[in-house]
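Peer 1: Let me give you the structure first, and then I'll get to my questions.
Residue numbers (the working numbering): 17 to 80.
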């Protein structure tokens, strides 16, 4: 009566689809969060490494 392009889904079936969509969304956010943590850790490491290099030069100049 509705045609072949329409599908009928029951509420129980929609719950499973929503759970799949939410789990996919959660996985995407987890991946994005992991990438953000890795980038943040690299930036912190780089900042401290540059600070140590600069301080080493300053300490070397003060000793001479």
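Every residue, glycine too, gets a C-beta built ideally from N, C-alpha and C. Quick caveat, the model's predicted, so the values are computed rather than measured.
Three-state secondary structure (DSSP) at residue 21?
Peer 2: If DSSP states are grouped into helix, strand and coil, residue 21 belongs with coil.
Peer 1: What span of residues does the alpha helix (DSSP H) with residue 26 cover, start to end?
Peer 2: Neither: residue 26 is in no alpha helix (DSSP H) and is coded neither H nor E.
Peer 1: How big is the Cα-Cα spacing for residue 52 and residue 61?
Peer 2: Each residue's Cα considered, the two are about 14 Å apart.
Peer 1: Using only the alpha-carbon positions, how far apart do residue 22 and residue 45 sit?
Peer 2: When rounded, the distance between both Cα atoms is 32 Å.
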